[in-house]
Amino acid sequence: MRITVRLFARLRELAGTETLAVDLLEPATVADAWRATVAVAPALAPFDRAISCAVNANFSRMSHPVAAGDDVAFLPPVSGG
Amino acid sequence: MRITVRLFARLRELAGTETLAVDLLEPATVADAWRATVAVAPALAPFDRAISCAVNANFSRMSHPVAAGDDVAFLPPVSGG
Amino acid sequence: MLAILNAMVAVTPAPLSLEHLIVQVEACVRTGGEGCGAVASFLGLVRATHQGRSVRYLEYEAFDALALKAFQQIQQEAGQQWPNSALGIVHRTGRLTVGEASVAIVAATAHRAEAFQVCRYAIERVKQIAPVWKHEFFDDGEAWVEGALTDPFDEAARARALVIACA
Amino acid sequence: MLAILNAMVAVTPAPLSLEHLIVQVEACVRTGGEGCGAVASFLGLVRATHQGRSVRYLEYEAFDALALKAFQQIQQEAGQQWPNSALGIVHRTGRLTVGEASVAIVAATAHRAEAFQVCRYAIERVKQIAPVWKHEFFDDGEAWVEGALTDPFDEAARARALVIACA
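Protein chains in written order, with our numbering: chain F, 1 to 81; chain G, 1001 to 1081; chain Y, 2001 to 2167; chain D, 3001 to 3167.
This is how it looks when you write it as C-alpha cells:
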C-alpha cells in the first residue's frame, strides 16, 4: 500500500522534500513508515529517538496502524512559543 | 500654625469635605494633625488604627513632623487594582 | 484630572490602551542585555458581580500624585529584583462599567519566567500600596471597598508580594 | 496559509493582535460564574540576540492543522483544571524580525491568581507540544532550534507544566 509521508523543519531540509510517497507491506504501523522513510532519506536516521508523529493530522503513536492513503507526519523536536 | 488636611474615599465622605484647614501648636507631627482632624470630624475616629498618611504628596509616617503650610493627606485602606 | 509623570506610569480617567503600554515597555528592554523575548501583561477588569451582588458600575478615586510615586517605587523595587526588566503601570480613575479595565500592568524581560514574576509582583504591590479606592455601585446599594493598609515602608508586605511572584 | 478553526486559537502569518484576542477571551468569561475580573497575557517576542549571536530574523514553520489541535487540547486541559477560565492561543508563522510577537496567549478568569496560572500553563504547554519550529538567521549563519519532544500524551510533561503554573 502507498502512504504519504510529511516532513517538517530540519527533517524536511535533510530529506530535501516535504512529502514522500512511501510503499509499505500490510499490515504496517507508523514505525514501519518511519523505517521506510529513513531507507529513502538516510540523513534522517539520527532522529530515530527524537521524532513524534501524526496520522491524518491527529497526534499519534509510533505503534499506530497505518492504512493505504494515510497522511503520516514526522515531527522533529518542537521550538514554538 | 495652619496646615491643610486632605481626605480620600470614605474618609472624605464621612467628613463631608475633601480638605480641611487645621491649626496645630508647634512642634507637631502627622499624628497630631490626625487627632486635630478627628476632633473636627469625629466620624473618622474608627480609622485611628487603619490610616496611612502622606505629607506634601510623599508617603510618610505618623511620627513625621509637619510644618506650617504642609499638605497632609490621610488615606483609608486602599483597594486599587 | 490627567496625571502622567512619564510614559510608563500613569493615572488617567481615559480607557486604558494595553498595546500602547506594551510598545513603550518592550522598547526599554529590546536593546539591553539579551533583549526582550517575553512580555507578560495583566488587566484588572470590572466584574459583573461582587460577592453575589450585581454590579452596575464602579468609581475609582486616586490620590493621583501619590499614586504615580507608588508606581515608580514599584518600578524601582522590580528593577532591583529583576535588573534587566521593564515595567509599566497605568491605573484608571472615575466611573467604569462592567468589562472595562481598571489597571494595566506590563512587564518585559528576556525570558518568560521573569516576565510573569515582574508582572505578578507589580499587581500585588499595586494592591498593597497604591492610594486608589474602589467604590462599588450595585443594583441595591453601594459600598467603598477597603483592602490593604497603605504602608509603602512595610517590608513584610513587600516580601509577601515577592513570595507570591516567585513561588 | 491562514488557518483559523475558531476565533480563540489560530496559526497565522499576519501580525498578532493582542487586544483583539483579549476581547474574545474576556467575552467568554464575562457572563459566567463570578464574571471576568482578571486577564493575564503573554507575548513571545523575537529577541535581538540568541546565545550571544546577533539575530537578523526568524522563520517559524508550523504544521497548521495539527497546531490548532494542540492549542485546542491545551484549552481543554486548562478548562478542566480551571473550570471558569477562558484561554486564547495564536501563533504566528513565516518571517519575523526583532521585536515582533511569535505567540500571543490570553487567559481570563474571575480572579488574578488563576489568570496568571492559566496563562503560564498555556505557554509551557505550547512549548512542549505545539508542532511549530523556529529557524534562526544570524549575521553569521542559521540554525533550527530543537526543543521539546512533541508528545501530547506525555502526562509527566503536562504535570511539569502544571507545577510551573501553580507554583
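Virtual Cβ for every residue (Gly too), placed ideally from N, Cα, C.
Looking from the CA of residue 3031 of chain D, the closest CA among D:3108, D:3122, D:3144 and D:3159 belongs to D:3108. Inside the stretch 2072-2160 of chain Y, DSSP marks whole alpha helix (DSSP H) runs of 4 or more residues at positions 2112-2129, from first to last along the chain.
The C-beta of residue 3146 of chain D comes closer than 9 Å to at least one C-beta of chain F. In this structure, residue 3035 of chain D lies away from residue 3112 of chain D, with their beta-carbon atoms at least 9 Å apart.
Below 8 Å, too few C-beta pairs join the stretch 3110-3128 of chain D and the stretch 1007-1025 of chain G to call them touching: fewer than three. In this structure, the beta-carbon distance from residue 69 of chain F to residue 12 of chain F does not fall below 9 Å. For residue 1031 of chain G, not one C-beta of chain Y is nearer than 9 Å to its own C-beta. Residues of the stretch 3087-3109 of chain D with a C-beta less than 8 Å from any C-beta of chain F: 3091, 3102 and 3103, listed in chain order.
Taking each of F:40, F:55, F:72 and F:76 in turn and checking the Cα distance to residue 48 of chain F, the smallest one comes out for F:76. Counting other Cβ atoms within 10 Å of its Cβ, residue 1063 of chain G stays below 16 and is therefore classed as exposed.
Contact of residue 2128 of chain Y with chain G is assigned, a C-beta pair being separated by under 9 Å.
For residue 6 of chain F, the uninterrupted beta strand (DSSP E) run begins and ends at 2-7, by DSSP.
Counting along the chain, residue 2061 of chain Y sits inside the beta strand (DSSP E) bounded by residues 2053-2062. Residue D:3043 holds the alpha-carbon nearest to the alpha-carbon of residue 3016 of chain D among D:3026, D:3043, D:3028 and D:3023. According to DSSP, residue pairing for residue 22 of chain F in a beta bridge involves F:3. DSSP places residue 3028 of chain D in the uninterrupted alpha helix (DSSP H) bounded by 3018-3030. Bounds of any beta strand (DSSP E) do not take in residue 1041 of chain G, whose DSSP letter is neither H nor E. Counting along the chain, residue 3036 of chain D sits inside no beta strand (DSSP E), nor does DSSP assign it H or E at all.
Taking 7 Å as the upper bound on Cβ-Cβ separation, chain D lies near residues 2038, 2039, 2040, 2041, 2042, 2043, 2044, 2045, 2047, 2048 and 2049 of the stretch 2038-2057 of chain Y. In the three-state DSSP reduction, residue 65 of chain F falls in the strand class (E or B). CA-CA distance, residue 3157 of chain D to residue 2091 of chain Y, rounds to 38 Å. Taking a cut-off of 8 Å for Cβ pairs, the stretch 54-61 of chain F and the stretch 1036-1054 of chain G do not touch, as fewer than three such pairs fall below it.
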